[in-house]
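The next block holds one structure in the form of structure tokens; read it before the comments.
Numbering (the numbering used here), first residue to last: 1483 to 1855.
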């Protein structure tokens, strides 16, 4: 339809699906907002190379950690456009990693860009019975649409992810444990690694296997991931990421996209629709509003937090010229549902800035001392 360009999406989908203008515009908002944050992060931390030296251009200056990455194509889009100087780590459960790694290895263009070596393992210790940690994320056309009987594999975008991904990403296996082969990929700057996000020690091990260096500025991304986890697990991910950001030399960032406002009629219908698909939004009742989302990150130690619903993102954050371009692509008359849809999804951008944290800690200490007097 022309909403965005992704030359690598074709390698991860079976067929294209026709979607309504509302859904196309919604996915555009997700893709554009994440792209904007990623591009801004890299521009801030990777200076334009004045030297033609390949060694200088390939020096790692920052890193991106995509949690519950599924079939995300961001790394390939960035590298394919000539960007260098960053490490890109994707973490997900074994089934997803195995499928994606096989696709990458079987596709010359992707294999060349990833520069990776296949590392096999049985991954038995990473498969767990479902305890309400991570659910199969089947993305519906809208919170009000009726669930289909069978999931479809399509080219529908889920942020920078495909619908294929959202159907299998971060699936915790039910019932008996099954031995699977983890086909992880590791290269100079791209890593695809297995991990149960509920377990901080597993996250640490995964990052170690990827040579993650948290002395570098790090951007964490979670797109429709945390909301499918129990609050104690999703909050644990935020605390873990903040602790790693505290090690960086000057900067850490977390961007998250997920549902909000479950209390009104539209929100209740959204909750029922996801639940009917086996996709319970475990964390949503605990953090239902923009205010509670913001406080959640602040309580986890993030020093600057901005939580916006997607109506605000679309009208104020995204590039106005590009918005005007996509609004001409097809007829659109679903304005009421569009605004309802946008009001029930949020983009949270949290930053950890050591100087701010030091000042806040000093201020809190001074306040505590005053209270003791």
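C-beta: ideal position from N, C-alpha, C; glycine also.
Could you tell me the alpha carbon to alpha carbon distance between residue 1572 and residue 1785, rounded to whole angstroms? Counting from 1 along the chain shown, the entry for residue 1572 is found at position 90. Counting from 1 along the chain shown, the entry for residue 1785 is found at position 303. Those two C-alpha atoms are separated by around 25 Å.
With DSSP run on the structure shown, which of helix, strand or coil describes residue 1494? Position 12 of the chain shown, counting from 1, holds the residue named residue 1494. Residue 1494 carries a coil assignment under DSSP once its states are collapsed to helix, strand and coil.
Alpha carbon to alpha carbon, how far is residue 1509 from residue 1502? Give it in angstroms, no decimals. Taking the chain shown and counting its residues from 1, one reaches residue 1502 at position 20. Taking the chain shown and counting its residues from 1, one reaches residue 1509 at position 27. Here the C-alpha atom of residue 1502 lies approximately 11 Å from the C-alpha atom of residue 1509.
Per DSSP, residue 1786 is paired with what? Taking the first residue of the chain shown as 1, we reach residue 1786 at position 304. For residue 1786, which the question treats as bridged, DSSP gives the partners 1833.
Check for me: the alpha helix (DSSP H) holding residue 1527 runs from which residue to which? Here residue 1527 refers to the residue found at position 45 when the chain shown is read from its first residue. Residues 1503 to 1527.
Between the alpha carbons of residue 1483 and residue 1812, how many angstroms are there, rounded? Locating residue 1483 in the chain shown gives position 1, where the first residue counts as 1. Locating residue 1812 in the chain shown gives position 330, where the first residue counts as 1. Spanning the two alpha carbons is a distance of roughly 8 Å.
For the beta strand (DSSP E) holding residue 1705, just list the boundary residues, first then last. Counted from its first residue, the chain shown places residue 1705 at position 223. Residues 1700 to 1705.
Mapping the DSSP letters down to three states, classify residue 1807 as helix, strand or coil. Here residue 1807 is taken as the residue at index 325 of the chain shown, counted from 1. Looking at residue 1807 - three-state DSSP - the assignment turns out to be helix.
Is residue 1487 near the ligand NAP - that is, is its Cβ less than 8 Å away from at least one heavy atom of it? Of the ligands one can find in the structure shown there are none, so the ligand NAP has no counterpart to examine.
Do you know how far the Cα of residue 1555 is from the Cα of residue 1592? For the purposes of this step, residue 1592 is taken as the residue at position 110 of the chain shown. For the purposes of this step, residue 1555 is taken as the residue at position 73 of the chain shown. Distance between the alpha carbons of residue 1592 and residue 1555 is about 10 Å.
With DSSP as the reference, label residue 1718 as helix, strand or coil. Mapped onto the chain shown, residue 1718 falls at position 236. In this structure, residue 1718 counts as helix in the three-state DSSP scheme.
Tell me whether residue 1670 is buried or exposed, calling it buried when 16 or more other Cβ atoms sit within 10 Å of its Cβ. Position 188 of the chain shown, counting from 1, holds the residue named residue 1670. Residue 1670 comes out exposed.
Residue 1717, buried or exposed, once every other Cβ within 10 Å from all chains shown has been counted against 16: As a position in the chain shown, residue 1717 is number 235, starting the count at 1. Residue burial annotation: residue 1717 is buried, with at least 16 other C-beta atoms found within 10 angstroms of its C-beta.
Whole-angstrom distance between residue 1584 and residue 1738, CA atom to CA atom: Position 256 of the chain shown, counted from the start, is the residue given in the question as residue 1738. Position 102 of the chain shown, counted from the start, is the residue given in the question as residue 1584. Spanning the two alpha carbons is a distance of roughly 27 Å.
Does the beta-carbon distance from residue 1596 to residue 1558 come in below 9 Å? To locate residue 1596, count along the chain shown from 1; it is residue 114. To locate residue 1558, count along the chain shown from 1; it is residue 76. When the beta-carbon positions are compared, residue 1596 and residue 1558 come within less than 9 Å of each other.
According to DSSP, simplified to helix, strand and coil, what is residue 1485? Here residue 1485 refers to the residue found at position 3 of the chain shown. Correct three-state label for residue 1485: coil.
Contact under 9 Å by Cβ, residue 1833 with residue 1734: In the chain shown, the residue the question calls residue 1833 occupies position 351. In the chain shown, the residue the question calls residue 1734 occupies position 252. Their beta carbons are under 9 Å apart, which means residue 1833 touches residue 1734 by this criterion.
Restricting to Cα atoms, I'd like to know which of 1837, 1743 and 1755 is closest to residue 1824. In the chain shown, the residue the question calls residue 1824 occupies position 342. The residue with the shortest Cα to Cα distance from residue 1824 is 1743.
Would residue 1688 pass as a contact of residue 1675 if the rule is Cβ separation under 9 Å? Within the chain shown, numbered from 1, the residue matching residue 1688 stands at position 206. Within the chain shown, numbered from 1, the residue matching residue 1675 stands at position 193. Their beta carbons are under 9 Å apart, which means residue 1688 touches residue 1675 by this criterion.
Which listed residue (1565, 1724, 1601 and 1801) has its alpha carbon closest to that of residue 1579: Stepping through the chain shown from its first residue, residue 1579 is reached at position 97. The residue with the shortest Cα to Cα distance from residue 1579 is 1601.
Taking the beta carbon of residue 1500 as the centre, do at least 16 other beta carbons fall within 10 Å, making it buried, or is it exposed? Locating residue 1500 in the chain shown gives position 18, counting from the first residue. Under this definition residue 1500 is an exposed residue.
Here's the rule: buried if 16 or more other CB atoms are within 10 angstroms of the residue's CB, otherwise exposed. What is residue 1550? As a first step, residue 1550 must be located in the chain shown, where it is residue number 68. When all chains shown are included, residue 1550 counts as buried.
Here's the rule I'm using: 16 or more other beta-carbon atoms within 10 Å means buried, otherwise exposed. How should residue 1749 be labelled? Position 267 of the chain shown holds residue 1749. Buried is the call here.
Provide the residue(s) that pair with residue 1813 in DSSP beta bridges, ordered along the chain. Translated into the one-based positions of the chain shown, residue 1813 becomes position 331. Per DSSP, none; premise fails for residue 1813.
With 16 other CB atoms within 10 Å as the buried threshold, where does residue 1690 fall? To locate residue 1690, count along the chain shown from 1; it is residue 208. That one is exposed.
Return the residue from the list 1767, 1699, 1721 and 1683 that minimises the CA-CA distance to residue 1710. Taking the chain shown and counting its residues from 1, one reaches residue 1710 at position 228. If we check each option's Cα against that of residue 1710, 1767 comes out closest.
Opposite residue 1458 in the DSSP bridges: which residues? Within the shown structure, residues of the chain are numbered from 1483 to 1855, placing residue 1458 beyond reach of any answer.
So, are the CB atoms of residue 1520 and residue 1703 less than 9 Å apart? Mapped onto the chain shown, residue 1520 falls at position 38. Mapped onto the chain shown, residue 1703 falls at position 221. Residue 1703 is positioned such that its CB atom lies closer than 9 Å to that of residue 1520.
Of the residues 1701, 1692 and 1665, which one's Cα is nearest the Cα of residue 1525? Residue 1525 sits at position 43 when you count from the first residue of the chain shown. Residue 1701 is the option with its Cα nearest to residue 1525.
What separation, rounded to the nearest whole angstrom, lies between the Cα atoms of residue 1542 and residue 1568? Indexing the chain shown from 1 puts residue 1542 at position 60. Indexing the chain shown from 1 puts residue 1568 at position 86. Rounded to the nearest angstrom, the two C-alpha atoms are 5 Å apart.
Test item: CB-CB of residue 1730 and residue 1576 under 9 Å: By 1-based counting over the chain shown, the position of residue 1730 is 248. By 1-based counting over the chain shown, the position of residue 1576 is 94. With respect to residue 1576, residue 1730 sits apart: the two C-beta atoms are not nearer than 9 Å.
Quick one, are the C-beta atoms of residue 1828 and residue 1712 less than 9 Å apart? Taking the first residue of the chain shown as position 1, residue 1828 is located at position 346. Taking the first residue of the chain shown as position 1, residue 1712 is located at position 230. The Cβ-Cβ distance between residue 1828 and residue 1712 does not fall below 9 Å.
Excluding the five sequence neighbours on either side, which residues of its own chain have a C-beta within less than 8 Å of the C-beta of residue 1879, listed in chain order? Shown here, the chain extends from 1483 to 1855; a query on residue 1879 therefore has no answer.
Compare the C-alpha of residue 1494 against each of 1517, 1565, 1570 and 1586 and name the closest. As a working note, residue 1494 is residue 12 in the chain shown. Looking from the CA of residue 1494, the closest CA among 1517, 1565, 1570 and 1586 belongs to 1586.
Might you give, ordered along the chain, the residues of its own chain that have their beta carbon closer than 8 Å to the beta carbon of residue 1650, omitting 5 neighbours on each side? Your numbering for residue 1650 matches position 168 in the chain shown. Here the model assigns residue 1650 a pLDDT of 35, short of 50, so the residue's position is not dependable, and the following value carries that caveat. In chain order, 1552, 1577, 1578, 1581 and 1618 place their CB closer than 8 Å to the CB of residue 1650, counting only its own chain and leaving out the 5 sequence neighbours on each side.
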